[in-house]
Amino acid sequence: MNIPFDQKALNKKLVYNFSHRNLTDIEEKLLANGWKLALKLKKVNTFNIKSELEYIYFILNKNKMLTSNDKKSKIKSLLSYFPSKLNKQLKHDIPNLSQEENKAIYNLLNDKSITISKADKGNAIVILDRQEYINEGNELLNDKKVFKKISFNLTEQREQSLIKFLLKLKNNKIISEKVYKEIRPNTCSRTPEAYFLVKVHKENQPVRPIISSYNSYNYNTAKYLAKLLTSAMTCNKSYTKDSFDFVEKIKKHRTTPGLLCSFDVRSLFTNIPLDKAIEIGIKNIRKYNKNIKLNDEELNELFNYCTKYSNFTFNDEHYDQINGVAMGSPLAPILAHLFMSNLEENINNYKGKKPDIYYRYVDDIFMIMNGTQKDISNFKKFMNNLEKTIKFTVEVQEENKLPFLDVMVERENNLLITYVYHKPTDTGLYMKWTSNQPKQYKINLIKCLCNRAVRICSSDALLKKELDYYNKTFLANGYPLNIIKKTMRKIELNKTINTQQKLTNTETIYISMPYYNNFSIELAKKVKMI
5 MNIPFDQKAL NKKLVYNFSH RNLTDIEEKL LANGWKLALK LKKVNTFNIK SELEYIYFIL
65 NKNKMLTSND KKSKIKSLLS YFPSKLNKQL KHDIPNLSQE ENKAIYNLLN DKSITISKAD
125 KGNAIVILDR QEYINEGNEL LNDKKVFKKI SFNLTEQREQ SLIKFLLKLK NNKIISEKVY
185 KEIRPNTCSR TPEAYFLVKV HKENQPVRPI ISSYNSYNYN TAKYLAKLLT SAMTCNKSYT
245 KDSFDFVEKI KKHRTTPGLL CSFDVRSLFT NIPLDKAIEI GIKNIRKYNK NIKLNDEELN
305 ELFNYCTKYS NFTFNDEHYD QINGVAMGSP LAPILAHLFM SNLEENINNY KGKKPDIYYR
365 YVDDIFMIMN GTQKDISNFK KFMNNLEKTI KFTVEVQEEN KLPFLDVMVE RENNLLITYV
425 YHKPTDTGLY MKWTSNQPKQ YKINLIKCLC NRAVRICSSD ALLKKELDYY NKTFLANGYP
485 LNIIKKTMRK IELNKTINTQ QKLTNTETIY ISMPYYNNFS IELAKKVKMI
């Protein structure tokens with residue numbers, strides 16, 4: 005069964021070329037595979053395989069889990085056996101890109117006049133002239149209320165300062181040895197880099213700044229503070245965990261009358277008043293973590309290291325973010341949520357018509373207002389006056405419909421129904437069947453999306469429509485029809501989904517190595533048997 009679709013029309017949704025470079029058909033076809041296409045490896049990274057197996061040996065031995073010489077010898081035999089076997093296997097592997105496509109990759113990578121980036125939403129790829137990309141980034145970083153250019157890289161200096169501060173806390177028995185090891189900087193911390201995602205769905209294609217802070221000097225400390233704040237997340241009545249939580253909440257209000265509307269904060273992360281956000285963070289840590297010994301001054305200093313002292317680079321220039329919270333920090337989403345929770349406490353003081361239903365996911369708010377559009381405008385005006393830097397946009401239902409997250413809410417015969425919402429930026433591009441990734445990952449992707457449809461769609465008719473869409477989409481991504489049908493049939497037969505995680509007392513040890521088809525699967529089985 006072939007589902008007809010226009011590949012050239014599809015490519016226009018997958019590849020946005022704003023550069024001077026004219027893409028060849030091969031280059032466009034290659035880029036239309038998306039970011040998730042993994043190439044088959046031609047060479048064996050023997051060092052990587054051996055180092056990961058040695059890491060397992062080290063962890064098991066350290067935790068006294070290698071109690072017999074038999075287990076030790078098994079790991080040693082894997083170290084000698086698998087690399088040689090893999091070399092033989094790769095000689096017979098068929099590559100998943102043609103020679104023309106490999107040449108296209110080489111040409112694109114070596115064109116220094118362009119920048120290839122992800123779109124802000126969806127799986128599309130964006131190509132910009134490199135100088136235009138730099139200009140866009142510089143223009144955004146020139147906002148002196150949020151960013152400050154600095155003359156040199158402060159990473160090493162700040163790393164040493166943080167270590168010194170944490171050592172002082174440990175020596176004074178304010179934090180334990182375990183906590184100290186958990187939150188201190190890793191060896192050779194990297195300096196975060198800023199990059200920009202193009203909002204292809206908006207006029208003039210503005211960019212969203214992301215500061216990649218993984219493995220930065222303050223990353224572990226930021227994770228620790230975020231963990232301390234986790235308990236405060238769910239205590240707000242408006243808190244919505246995800247789309248599934250939202251659908252469960254809406255089920256209780258199927259007959260609630262009124263206008264559907266949503267509020268959204270303009271650029272929340274860069275506009276949060278940082279001092280106020282830190283104050284709110286400390287207050288919540290105090291409230292929900294009675295056993296910690298850190299005083300307010302010490303907590304404030306830790307927050308400063310993770311926010312105000314967050315330097316980064318862009319185009320070989322060095323910057324500090326002096327206000328707002330950096331997208332890319334583990335602390336950013338939870339601080340943003342708590343700031344919004346604090347802001348919402350003012351709603352009780354509003355004298356006008358209040359929303360009957362009010363749910364929020366970070367900076368996205370869903371409301372039902374049993375009133376007029378004038379009532380919604382007045383409420384928006386009130387919200388916009390609560391904080392100088394925080395401004396809301398509003399969207400009101402059209403044809404009795406309103407999207408929220410990836411859920412479409414529609415009023416039909418005075419009842420609210422829900423189904424999966426596909427944004428205009430949705431490309432229909434998922435992990436390609438030809439991608440060099442385990443087959444089970446691809447089957448699990450079908451299961452994941454179908455389970456999402458089961459949990460969001462409020463009727464069998466809506467579910468069938470969504471599953472038909474996935475059927476066509478996975479075929480377009482190269483998935484065999486029999487595998488799609490077989491996986492979907494299992495989902496339809498068993499619509500009761502267990503979302504609870506199984507609790508286990510066993511420690512999970514993670515290792516990372518390149519994927520080499522059946523070799524990696526065989527190796528994983530052998531390792532699990534140790």
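The sequence shown maps to residues 5 to 534 in this note's numbering.
Using N, Cα and C, we set each Cβ at its ideal position, and we do this for glycine too.
By the 16-neighbour rule on beta-carbons within 10 angstroms, L171 is exposed. Bounds of the alpha helix (DSSP H) holding R493 are 485–497. With contacts defined as CB atoms closer than 8 Å, L45 and P518 qualify as a contacting pair. Here the alpha carbons of S23 and K530 stand approximately 49 Å from one another. Sorting Y520, T260, N240, S462 by C-alpha distance to the C-alpha of F248 places S462 at the top. For the options Q164, Y323, N448, T260, the alpha carbon positioned closest to that of Y199 is the one of Y323. For V400, the closest of S314, E414, N440, R188 by C-alpha to C-alpha distance is E414. With a cutoff of 8 Å on beta-carbon distance, T195 and T225 are scored as not near each other. Cβ atoms of I338 and F151 stay farther apart than 8 Å, at about 22 Å. With contacts defined by Cβ atoms closer than 8 Å, H257 and P428 do not form a contacting pair. Rounded to whole angstroms, the separation of the alpha carbons of V411 and D367 is 16 Å.
For I380, DSSP assigns no beta-bridge partner whatsoever. In the DSSP assignment, S235 falls outside any beta strand (DSSP E) and lies within the alpha helix (DSSP H) extending over 223–237. Comparing alpha carbon positions, the residue from E163, F316, D472 closest to A330 is F316. Annotated as distal: R212 and I131, with beta-carbon spacing of 8 Å or more.
For E416, the enclosing beta strand (DSSP E) covers residues 411–416. Judged by DSSP in its simplified three-state form, M344 adopts helix. Beta bridge pairing from DSSP links F523 with no other residue.
Under the three-state reduction of DSSP output, N350 falls in the helix class. For V202, there is no enclosing alpha helix (DSSP H); the enclosing beta strand (DSSP E) covers residues 197–202.
The C-alpha of N308 lies about 18 Å from the C-alpha of K153.
Taken atom to atom, the span from the alpha-carbon of L41 to that of K436 is near 6 Å.
If you draw a 10 Å sphere on the C-beta of I98, you find fewer than 16 other C-beta atoms in it, and that means exposed. The three-state secondary structure of A123, taken from DSSP, is strand. The residues Y221, N222, Y309, Y313, N315, in chain order, have a CB closer than 8 Å to that of R162 in the same chain once the five nearest residues on each side in sequence are set aside. Judged by pairs of C-beta atoms under 8 Å, the stretch 267–287 touches the stretch 387–395, as three or more such pairs exist.
By the Cβ rule, the stretch 347–360 does not count as touching the stretch 284–295, because fewer than three pairs are nearer than 8 Å. Taking the C-beta atoms as reference points, K357 is found nearer than 8 Å to F383. When the alpha-carbon of C454 is set against those of S216, K280, P442, K490, the nearest one is in K490. A straight line joining the alpha-carbon of S55 with that of L82 spans about 12 Å. Within the same chain, and ignoring the five residues on either side of K294 in sequence, no residue has its Cβ closer than 8 Å to its Cβ.
Around the CB of P261, fewer than 16 other CB atoms lie within 10 Å, so the residue is classed as exposed.
Per DSSP, C461 is not a residue of any alpha helix (DSSP H), being assigned neither H nor E.
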